[in-house]
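For reference, the structure discussed in these notes is given below.
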Amino acid sequence: MIRLITQLKITKPAYVYLPFGYNKNHHHIKYNILYLMHGRSMQAGDFFDCKKGNLINLLDRMIENKDIQPLIVVSATFDVLNQPQNFMRSVAEIQVFNQVNSQMVEMMQSQTFNENNCCYAIRKNGRHNIATCEEYLYHALKIIFKYEK
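For the sequence shown, this note's numbering gives the first residue as 11, with consecutive numbering after it.
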């Protein structure tokens, strides 16, 4: 987990998945980055919580099977308290989200990573639980981050 302190002096957690074999000293290796944003009933770390889903296992297996290239996954939060909130509270905090989103993308891109980073969003009319996110990601990752032989 990393912490980002915004200009509004709000500390925001972000969780980062690093692929097996990642070494911060290997600057010549470039990784794509997938940014995930939770819904109003979740928190930033929920994507990586094994009790709530299997995203880490899914990514590990897809990389091991060469279904996708190794990638970095970042899950941040826009909620000030990083807690599930009602819808109106989430709407009120969208300005903070926009600021954090911009800072997070800038920070991640400046440190090392591929210029072809992708943002992936689940449509408003879709299901929004972790199992559905994993299902969407399984299919989308094979297309977006396919393994180049």
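Quick reminder that beta carbons are idealized off the backbone N, C-alpha and C, glycines included.
From 68, 23, 74 and 76, residue whose alpha carbon lies closest to that of residue 47
Closest option to residue 47, Cα to Cα, is 23.
Please go through the same chain and pick out, in chain order, the residues whose beta-carbon is closer than 8 Å to the beta-carbon of residue 8, but skip the five residues on each side of it.
In the structure as shown, the chain starts at 11 and stops at 159, and residue 8 therefore has no counterpart that could be examined.
Is it the case that the Cβ atoms of residue 84 and residue 32 are separated by a distance below 7 Å?
Between residue 84 and residue 32, the C-beta gap is not smaller than 7 Å, which leaves the two residues out of contact.
Residue 47: first and last residue of the uninterrupted beta strand (DSSP E) it sits in:
Counting along the chain, residue 47 sits inside the beta strand (DSSP E) bounded by residues 42-47.
Closer than 6 Å by C-beta to residue 29: which residues in its own chain qualify, once you throw out the five before and the five after it? Chain order, please.
If we look at residue 29 and ignore the five residues flanking it on each side, its Cβ neighbours are 73 and 80.
Quick check: what's the CA-CA separation for residue 34 versus residue 76?
Roughly 22 Å separates the two Cα atoms.
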